[in-house]
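**Student:**
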Amino acid sequence: MSEKLRTIIVEDEELARNLMKSFLAENENIELIAECENGFEGVKQINELKPDLVFLDIQMPKITGFEMLELLEHKPQIIFATAYDQYALKAFDYNAADYLLKPYSKDRLEEAVQKVVDRIQKEGKESDVAERVSDFPREEYLDRVVVKDRHKIHIAPVDAVRYIESMDDYVMIYTTEGRWMKQKTMKYFENALNPKNFIRIHRSYIVKVDEIAEIQQYEKESYIVILHDKTKLKVSKTGYKNLKGVLNF
Amino acid sequence: MDYRHPFIKNPRLSISYGVSWVVASMLLVLIATFVNNMAFGLAMKEIFTFMMLFALIGAAIWYVIKFSTLEDNSIFRIALAHLFAASIIVFIWLYTGVVVIKLVHPNAQFWLEQTLVNRLMMGYGLYIINVIFFYAVNYYYAFKEKSRNEVKLKGLVKEAELHALKSQINPHFLFNSLNSISSLTMTDPAKAQEMVINLSQLMRYSLKHDQSEKVTLQQELENNKLYLSIEKVRFGSKLNPVFAVEENCLKAEIPNMILQPLYENAIKYGVYEATETVDVITHVRCSENVLEVTISNTYDKNVVSKKGEGIGLRNIRDRLQVIYANPHLLKIENKQNEFTVTLTIPQKVK
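Protein sequences appear in the order of chains X and R. The first sequence begins at 1 in full-length UniProt numbering and counts up by one. The second sequence begins at 1 in full-length UniProt numbering and counts up by one.
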């Protein structure tokens, strides 16, 4: 391969970064362009520098590697490097190129790089990591929502989410701390939020059960939900059935 | 302490108690009829009245022995208590006995004059028998309670050992530490060696089945400093352990491996989620009869999801409860951005 892979390391531990750097130093396929200590920095650098390949730790401060992936506008090839083996399946869901278990050998790292080289030759540089994510129902429900808003990244515990409204390709997430936009589908949130606490009441709305103050009949056969702060949201027929199912009336 | 009467706790015991009294009374009746040539009917009335009454009233002796246990009181005090209690019980017994006898005995007045002194002696004798019986019961219960506690404690110590081992072979700690060592072998072999040695020492401490389940504070702190030094290599300046320990506390006793879960939590919720330096502060104070260990760390409230009391904290609480019979020795404060755990360890006064 004539062109080198422009590479970023996202890893919170300095020693782990040093090891990876020294392993990669002699690899002729790699050109290291940045190192990041956490997911926030990772998002910034990846969106800015648009690397071909990212080495990504999973357990990091503030946001996890998986959460970081969801915030990316640019989609590089991903090689996970982590001490945990239980995320391997999930990483596969995210269409990662490889999954390195710490501590790993230099040979194993080179093998992973080779996989990326082969993959890019076959499929081109753009990977589809972040898109894959949303289609996969998770094995466990979200406990926080991470949103990128221009230059800031917001983290809100799921408890702070009041309701979600769909807006074409985006959703607007209304939380107790403000409203944020995220590029996700309603279907994704319907699967990712615990259905005991969040109900899909309409094609355009998912609402938190605790926020509902009243359910009013609006016309014959049609209803609206009134929240504690007087916001009114439309309820569809299926939505009304969902409400009935969860609230038992 | 459990002051419930053993007859309420254990109805079978009260049945055996009743049966013994009936059998003893029967024997006395037989002796009275065949040796002393008393009329059988009269002997029945007389002996059963007094014996059954004593069986009933004497059951209260339990409370006397419960409040004058052999372990915690001087012999003089015990003797005084019993003399006092015996006199009251014997008086009540004699008085009610006489009332009943007057109803059933054909020649009550004469009988009374003849036997009152003997009756008095008999009363004190029966009191002594009952006292011995209840001391035996009390001793048996205390023994059973103690062995039950011992079994429970053994289980909890095992659990703590297991927890310590598990947390050392959990990927977060072990594989990340090994990865750090792997890195250090290239850049700083001396440091890599030091880390291997620390890791080994730490694991040996947890593997060692220490028969004495209490250690000195010094030993316990040293072990935890090993743990922190390993984590320090990984987290660098993000982890800043601070120790403020009064010198004279180092000899104090503390259940072994009781602190590690606290440091683990501080690292897991404080250091791991932080991007800035986190101080993990250990503050130890002690007085004649109590050792107080406080471990606190700051954390980012927005990131950490509250997930109740983990297995580590629960084990600490249970062990302190079993060893010191006090449920208030572990105190958890969760203020704003600071998490503080305080352990209060009672010391034996020498």
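Yeah, the Cβ is synthetic: ideal placement off N, Cα and C, and Gly gets one too.
Nearest to Ala55/R by alpha carbon, out of Arg77/R, Val23/R, Ile75/R?
**Tutor:** Comparing Cα positions, the closest option is Val23/R.
**Student:** Could you confirm whether any beta carbon from chain R is found closer than 7 Å to the beta carbon of Glu41/X?
**Tutor:** It does not; no Cβ of chain R falls within 7 Å.
**Student:** Distance check for Lys184/X and Val209/X, CA to CA, integer angstroms please.
**Tutor:** Each residue's Cα considered, the two are about 21 Å apart.
**Student:** Beta carbons nearer than 9 Å to chain X: which residues of the stretch 191 to 214 of chain R have them?
**Tutor:** Hits within the stretch: zero.
**Student:** Name, in chain order, the residues that DSSP records as bridge partners for Ile340/R.
**Tutor:** One detail in the question is off: residue 340/R reads as Thr in this sequence, not Ile. Thr340/R is bridged to Ser296/R, Glu333/R.
**Student:** Which residue spans inside the UniProt domain "Response regulatory" (6 to 117) of chain X form an unbroken alpha helix (DSSP H) run of at least 4?
**Tutor:** Those alpha helix (DSSP H) runs which fall completely within the UniProt domain "Response regulatory" (6 to 117) of chain X and span 4+ residues are 14 to 25, 39 to 49, 65 to 70, 88 to 93.
**Student:** Are the CB atoms of Gln321/R and Ala252/R nearer to each other than 7 Å?
**Tutor:** No, the Cβ-Cβ distance between Gln321/R and Ala252/R is not below 7 Å.
**Student:** Check whether the Cβ atoms of Asp52/X and Pro76/X sit closer than 7 Å, and answer yes or no.
**Tutor:** Cβ atoms of Asp52/X and Pro76/X: closer than 7 Å.
**Student:** Tell me the residue span of the alpha helix (DSSP H) that contains Gln217/X.
**Tutor:** Run containing Gln217/X: none in the alpha helix (DSSP H); it sits in the beta strand (DSSP E), 212 to 219.
**Student:** When you compare each of Ile101/R, Tyr135/R, Glu273/R to Glu37/X by their alpha carbons, which one comes out closest?
**Tutor:** The option with the nearest alpha carbon to Glu37/X is Glu273/R.
**Student:** Mind the definition here: the stretch 18 to 27 of chain X touches the stretch 37 to 46 of chain X only if three or more C-beta pairs lie below 8 Å; say whether that holds.
**Tutor:** Flag = no, the stretch 18 to 27 of chain X and the stretch 37 to 46 of chain X do not touch.
**Student:** In the stretch 97 to 142 of chain R, which residue ranges form an unbroken beta strand (DSSP E) of at least 3 residues, counting only runs that do not cross its ends?
**Tutor:** Entirely contained in the stretch 97 to 142 of chain R, not one beta strand (DSSP E) run reaches 3 residues.
**Student:** Give the secondary structure of Lys244/X by DSSP, where H, G and I count as helix, E and B as strand, and everything else as coil.
**Tutor:** Note: Lys244/X maps to helix in three-state DSSP.
**Student:** Evaluate contact between the stretch 86 to 105 of chain X and the stretch 173 to 187 of chain R, counting only Cβ atoms and requiring at least three cross-stretch pairs below 8 Å.
**Tutor:** In short, these stretches touch, since the Cβ pair count reaches three.
**Student:** When DSSP builds the beta bridges, which residues end up paired with Gly178/X?
**Tutor:** Gly178/X pairs with Thr175/X.
**Student:** Below 8 Å CB to CB, which residues in the same chain sit around Tyr324/R once its five sequence neighbours on both sides are set aside?
**Tutor:** Excluding positions up to five away in sequence, the list reads Ile345, Pro346.
**Student:** Please state whether DSSP places Tyr3/R in a helix, a strand or coil.
**Tutor:** Coil.
**Student:** Give me the Cα-Cα distance between Thr282/R and Val233/R, rounded to the nearest whole angstrom.
**Tutor:** Looking at the two C-alpha atoms, the distance is approximately 19 Å.
**Student:** Assess, as a yes-or-no matter, whether the stretch 40 to 59 of chain R is touched by the stretch 123 to 135 of chain R under the definition of 3 or more beta carbon pairs within less than 8 Å.
**Tutor:** Cβ pair count under 8 Å is three or more, so yes.
**Student:** Go ahead and label Val35/R buried or exposed: buried means 16 or more other beta carbons lie within 10 angstroms of its beta carbon, across all protein chains shown.
**Tutor:** Val35/R is exposed by the Cβ-count criterion.
**Student:** Could you check whether the Cβ of Thr298/R sits closer than 7 Å to any Cβ belonging to chain X?
**Tutor:** It does not; no Cβ of chain X falls within 7 Å.
**Student:** Quick test of the definition: if touching needs 3 or more C-beta pairs under 8 Å, does the stretch 167 to 187 of chain X touch the stretch 60 to 69 of chain X?
**Tutor:** Too few Cβ pairs lie closer than 8 Å, so no.
**Student:** Taking only beta-carbon atoms, is Ser22/X less than 7 Å away from chain R?
**Tutor:** Yes, its Cβ sits closer than 7 Å to a Cβ of chain R.
**Student:** From what residue to what residue does the alpha helix (DSSP H) around Thr185/R run?
**Tutor:** It spans 174 to 187 - the alpha helix (DSSP H) in which Thr185/R sits, taken as one unbroken run.
**Student:** Could one say the Cβ of Gly236/R lies closer than 7 Å to chain X's Cβ atoms, at least one of them?
**Tutor:** Output row for Gly236/R: interface = yes.
**Student:** Along the chain, where does the beta strand (DSSP E) that runs through Phe198/X open and close?
**Tutor:** 198 to 202 is the span of the beta strand (DSSP E), which, as asked, contains Phe198/X.
**Student:** Over what stretch of residues does the alpha helix (DSSP H) that includes Asp318/R continue unbroken?
**Tutor:** Its alpha helix (DSSP H) spans residues 311 to 324.
**Student:** Applying the 10 Å Cβ sphere with the 16-neighbour rule, what's the burial state of Glu13/X?
**Tutor:** Buried, since its Cβ has 16 or more Cβ neighbours within 10 Å.
**Student:** What's the C-alpha gap between Ile201/X and Asp149/X?
**Tutor:** Between Ile201/X and Asp149/X, the C-alpha separation is close to 26 Å.
**Student:** Of all the residues that make up the stretch 171 to 193 of chain X, which are near chain R by a beta-carbon distance shorter than 8 Å?
**Tutor:** If the cut-off is 8 Å between Cβ atoms, the stretch 171 to 193 of chain X has nothing near chain R.
**Student:** Taking 7 Å as the threshold (C-beta atoms), are Ile212/X and Tyr223/X in contact?
**Tutor:** Contact: no.
**Student:** Are the Cβ atoms of Ala192/R and Leu184/R separated by less than 7 Å?
**Tutor:** Yes; because the gap between Cβ atoms is below 7 Å, this pair is in contact.
**Student:** Any Cβ of chain B within less than 7 Å of the Cβ of Ala16/X?
**Tutor:** Of the chains in the structure shown, none is chain B; the protein chains are X and R.
**Student:** What are the start and end residues of the alpha helix (DSSP H) that includes Phe50/R?
**Tutor:** Here the alpha helix (DSSP H) through Phe50/R covers 40 to 58.
**Student:** Hey, would you say Val145/X sits closer than 7 Å to Ala156/X, going by beta carbons?
**Tutor:** For Val145/X and Ala156/X, yes; Cβs fall inside 7 Å.
**Student:** Closest to Met26/R by C-alpha separation, out of Lys225/R, Glu46/R, Val100/R, Leu112/R, would be which residue?
**Tutor:** Checking every option, the nearest Cα to that of Met26/R belongs to Glu46/R.
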